[in-house]
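Peer 1:
Residue numbers (my numbering): 69 to 709.
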């Protein structure tokens, strides 16, 4: 077998030795990623969080509000999530373009940090491999093209790892990395586990003294920010931490008996779909981590203690962050579909673990672990299919297949859509059909990969029959071959429809930067400075960035997410929240009502049809892919008319 592979090995050795090739491929990867990011920045609709970060950030940066002030906007994140995008707009001007261009810059800085990290710990070729595995996932690039906190967190996290990971790091480098770990926490509280895990790693690697110094350095930005915004910053902790474990935060929480308007009926089906959707859109990173855990090398296989400790740290960090965000998404009944977006914060850790451990993966593992890994593959592939029921299921049901009337050997059949066949023969609803066919498709792919892995394993054993006795002993187990096949097939499919290339939230068409700007400038032409504005846009508040010289009722920025049913008006307003009674008061006082077309209904419609408002020319659609995205503009009729 060695003789058979010798020419291939020789060729790869020659390619590997070309001094400039790896760096050239890395540069090409960066250019390709920049091109893709710009394309997604142009074509993706704005999400609610993006509008909130940009608009509230600008309100804070321009001094119109102070963070965590009573009777201001709703604040449920740490300050830098808002202040950084706000500062960027203060410098370059408010608008969607400034926020998204800044996000692209952060994404490229993230890719650079990842490349430098892997290059330092594993060499230039592993750096190129990891970089391309990361940027070949369209879902990651789509997320990073938006002005949301995912790309900011990923950037801070990768540079923190670059600074602290490995042996022999200078003290000032470790301190700088620790400050970045603290900065993660004052950007998003959900990154809180990073700092203590980092301190434990530094203690294991360098001892108590350096660990204590690192912990103090990481705590410094957290302490400064909490002193600056004390005590009202505690409302962030009150929002995210379990009420039963933190009764001392009750003064910074809405009373428990207050009922939120946004209270979706979350089913087990929703939770399962959300879980596997994270695997679908972050397949390469999560499966790389999972395979590395199943095949994690024995302690004696690591050449250096520092490499082993670093791998344990990055693996622990990914597992803890995944479980932490799993609880936040599926356990809090707030945003069950957010797990995929949350995973973008840290998904690259799976690729770091891959680079750290792949060359010494255990090719032979105990039977029980092999069985668990194979079962996991079948469950994940089936689950990914199930999570794609809205798009993959619909495509499968539209397939035209032959339907035999009686005996298939008679060739008496007609061609009809699978959807019609299932409806006629099994009396399944459309939802049931999509669930079953998409899950079956995933299970079929998983089974096919299992068979492929077994065949490859048998082929390897057959080729080694005539080999040396040592080669026979080192023949990979079936589980190793199947895991590797699963991972490789996933890499190939990641840019395509079944995985990361599938339809992602807020995919759109046209030039979103231009359409939002056009709609915003239309508002600015019709609404004079100093006007009070009632916003009923419900989704992204980006159009308000073009009329920042007017006064808005800031709790409306999050739409239904910040709305409550009933409750004390003063209590709600103190936390930046609202109910229908408050909204009616605001609408009655506003100079202008801005209502998205699809929300022009109910009491708002009755109000504008009462004769108190004149309708002006509505804005153009804020995005080309939604005809109902026009903003209706209503001006209050002066009292003397």
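Quick reminder that beta carbons are idealized off the backbone N, C-alpha and C, glycines included. As the structure is a prediction and not an experimental result, all values here were calculated from the model.
Does the pairing of the region 441–451 with the region 384–401 give three or more beta-carbon distances under 8 angstroms?
Peer 2: no
Peer 1: Under 8 angstroms by Cβ, that's how I've got residue 643 and residue 296 pegged, so tell me the actual separation to the nearest angstrom.
Peer 2: Working through the chain shown from its first residue, we reach residue 643 at position 575. Working through the chain shown from its first residue, we reach residue 296 at position 228. Actually they do not touch by this definition, with Cβ atoms about 20 angstroms apart.
Peer 1: Pull the bridge partners of residue 620 from the DSSP assignment, please.
Peer 2: Counting from one through the chain shown, the residue named residue 620 turns up at place 552. According to DSSP, residue 620 bridges with 601.
Peer 1: May I have the straight-line CA-CA distance separating residue 466 from residue 486, to the nearest angstrom?
Peer 2: Position 398 of the chain shown, counted from the first residue, corresponds to residue 466. Position 418 of the chain shown, counted from the first residue, corresponds to residue 486. If I take the Cα positions, the gap works out to 6 angstroms.
Peer 1: Give me whichever residues DSSP pairs with residue 585 in a beta bridge.
Peer 2: Numbered from 1 along the chain shown, position 517 holds the residue referred to as residue 585. According to DSSP, which records beta bridges pairwise, residue 585 is partnered with nothing at all.
Peer 1: If you reduce the DSSP assignment to three classes, tell me which class residue 327 lands in.
Peer 2: Translated into positions along the chain shown, residue 327 becomes position 259. Residue state, collapsed to three classes: strand.
Peer 1: Please report how far the alpha carbon of residue 516 lies from the alpha carbon of residue 182, in whole angstroms.
Peer 2: The residue labelled residue 516 in the question sits at position 448 within the chain shown. The residue labelled residue 182 in the question sits at position 114 within the chain shown. Taking the straight line from one Cα to the other gives about 34 angstroms.
Peer 1: What whole-angstrom Cβ distance do residue 154 and residue 352 have, given they're in contact under 8 angstroms?
Peer 2: The count along the chain shown starts at 1 and reaches residue 154 at position 86. The count along the chain shown starts at 1 and reaches residue 352 at position 284. Contact flag wrong, Cβ pair sits at about 34 angstroms.
Peer 1: Under the assumption that residue 363 contacts residue 551 (Cβ atoms under 8 angstroms), give the Cβ distance between them as a whole number of angstroms.
Peer 2: Indexing the chain shown from 1 puts residue 363 at position 295. Indexing the chain shown from 1 puts residue 551 at position 483. With 8 angstroms as the limit, residue 363 and residue 551 qualify as a contact, their Cβ atoms being about 7 angstroms apart.
Peer 1: Alpha carbon to alpha carbon, what distance is there between residue 496 and residue 474?
Peer 2: The residue given as residue 474 occupies position 406 in the chain shown. The residue given as residue 496 occupies position 428 in the chain shown. Only weak support is given to the placement of residue 474: the predicted model assigns it a pLDDT of 48, under 50, and the value that follows is read from those uncertain coordinates. Cα to Cα, the separation comes out at about 22 angstroms.
Peer 1: Taking 6 angstroms as the limit between beta carbons, can you name the residues of its chain near residue 269, skipping five residues before and five after?
Peer 2: Here residue 269 refers to the residue found at position 201 of the chain shown. Cβ within range, chain order: 381.
Peer 1: Who are residue 700's beta bridge partners in DSSP?
Peer 2: Locating residue 700 in the chain shown gives position 632, where the first residue counts as 1. According to DSSP, residue 700 bridges with 663.
Peer 1: Alpha carbon to alpha carbon, what distance is there between residue 531 and residue 406?
Peer 2: Here residue 406 refers to the residue found at position 338 of the chain shown. Here residue 531 refers to the residue found at position 463 of the chain shown. When rounded, the distance between both Cα atoms is 47 angstroms.
Peer 1: Measure the C-alpha to C-alpha separation of residue 529 and residue 431 and round it to an integer number of angstroms.
Peer 2: For the purposes of this step, residue 529 is taken as the residue at position 461 of the chain shown. For the purposes of this step, residue 431 is taken as the residue at position 363 of the chain shown. The alpha-carbon atoms of residue 529 and residue 431 are separated by roughly 13 angstroms.
Peer 1: Going by DSSP, name the residue or residues bridged to residue 646.
Peer 2: Locating residue 646 in the chain shown gives position 578, where the first residue counts as 1. Answer is 631, bridged to residue 646.
Peer 1: Under DSSP, the alpha helix (DSSP H) around residue 118 begins and ends at which residues?
Peer 2: The sequence position of residue 118 within the chain shown is 50, counting from 1. It spans 116–129 - the alpha helix (DSSP H) in which residue 118 sits, taken as one unbroken run.
Peer 1: Measure the beta-carbon distance from residue 309 to residue 302 and round it to whole angstroms, keeping in mind my assumption that it falls under 8 angstroms.
Peer 2: For the purposes of this step, residue 309 is taken as the residue at position 241 of the chain shown. For the purposes of this step, residue 302 is taken as the residue at position 234 of the chain shown. Not confirmed; about 10 angstroms, so no contact.
Peer 1: Applying the 10 Å Cβ sphere with the 16-neighbour rule, what's the burial state of residue 450?
Peer 2: As a first step, residue 450 must be located in the chain shown, where it is residue number 382. Counting Cβ neighbours within 10 Å, residue 450 comes out buried, since at least 16 surround it.
Peer 1: Who pairs with residue 683 in a beta bridge, going by DSSP?
Peer 2: For the purposes of this step, residue 683 is taken as the residue at position 615 of the chain shown. Its beta-bridge partners are 702.
Peer 1: Does the region 684–702 come close enough to the region 623–638 that 3 or more CB-CB pairs lie under 8 angstroms?
Peer 2: no
Peer 1: Mapping DSSP to helix, strand and coil, what is residue 396?
Peer 2: Looking up residue 396 in the chain shown gives position 328. The answer is helix: DSSP assigns residue 396 an H, G or I state.
Peer 1: Between the Cα of residue 176 and those of 191, 95 and 110, spot the shortest distance and give me the residue it belongs to.
Peer 2: If you number the chain shown from 1, residue 176 lands on position 108. The shortest C-alpha separation from residue 176 is found at 95.
Peer 1: Short of 6 angstroms in beta carbon distance, which residues of its chain neighbour residue 630, apart from the five on each side in sequence? Order them along the chain.
Peer 2: The residue you call residue 630 lines up with position 562 of the chain shown. Correct list, in chain order: 142, 623 and 645.
Peer 1: Quick check on residue 691: buried or exposed, where buried means 16 or more other Cβ atoms within 10 Å of its Cβ?
Peer 2: The residue labelled residue 691 in the question sits at position 623 within the chain shown. Result: buried.
Peer 1: Which of the three DSSP states, helix, strand or coil, is assigned to residue 309?
Peer 2: Residue mapping note: residue 309 aligns to position 241 of the chain shown, counting from 1. DSSP places residue 309 in coil when its eight states are reduced to three.
Peer 1: Which one of 608, 418 and 239 has the shortest CA to CA distance from residue 222?
Peer 2: Numbered from 1 along the chain shown, position 154 holds the residue referred to as residue 222. Ranking 608, 418 and 239 by Cα distance to residue 222 puts 418 first.
Peer 1: Does residue 205 pass the burial test, meaning 16 or more other C-beta atoms within 10 Å, or should it be called exposed?
Peer 2: Position 137 of the chain shown, counting from 1, holds the residue named residue 205. Label assigned to residue 205: buried.
Peer 1: Short check: CB of residue 683 to CB of residue 676, under 8 angstroms?
Peer 2: For the purposes of this step, residue 683 is identified with residue 615 of the chain shown, where counting begins at 1. For the purposes of this step, residue 676 is identified with residue 608 of the chain shown, where counting begins at 1. Going by C-beta atoms, residue 683 is nearer than 8 angstroms to residue 676.
Peer 1: Starting from residue 529, trace the alpha helix (DSSP H) in both directions and tell me its first and last residue.
Peer 2: In the chain shown, the residue the question calls residue 529 occupies position 461. Per DSSP, residue 529 belongs to the alpha helix (DSSP H) from 498–531.
Peer 1: If we ignore side chains and look at the alpha-carbon of each, how far apart do residue 186 and residue 688 end up?
Peer 2: Here residue 186 is taken as the residue at index 118 of the chain shown, counted from 1. Here residue 688 is taken as the residue at index 620 of the chain shown, counted from 1. Their Cα atoms are separated by approximately 47 angstroms.
Peer 1: Given this structure, state the Cα-to-Cα distance separating residue 104 from residue 209, to the nearest angstrom.
Peer 2: Translated into positions along the chain shown, residue 104 becomes position 36. Translated into positions along the chain shown, residue 209 becomes position 141. Answer to the nearest angstrom: the Cα atoms are 7 angstroms apart.
Peer 1: Tell me which residue opens and which closes the alpha helix (DSSP H) that residue 412 is part of.
Peer 2: Residue 412 sits at position 344 when you count from the first residue of the chain shown. DSSP places residue 412 in no alpha helix (DSSP H); its state is neither H nor E.
Peer 1: For a test of the three-state rule: what should DSSP assign to residue 206, helix, strand or coil?
Peer 2: To locate residue 206, count along the chain shown from 1; it is residue 138. It is helical.
Peer 1: Measure the Cβ-Cβ separation of residue 506 and residue 569 and say whether it is below 8 angstroms.
Peer 2: By one-based count along the chain shown, residue 506 stands at place 438. By one-based count along the chain shown, residue 569 stands at place 501. Cβ atoms of residue 506 and residue 569: not closer than 8 angstroms.
Peer 1: Jot down the residue ranges of each uninterrupted alpha helix (DSSP H) in the region 135–207, minimum 4 residues, whole runs only, in chain order.
Peer 2: The qualifying runs are 148–160, 164–190 and 192–203.
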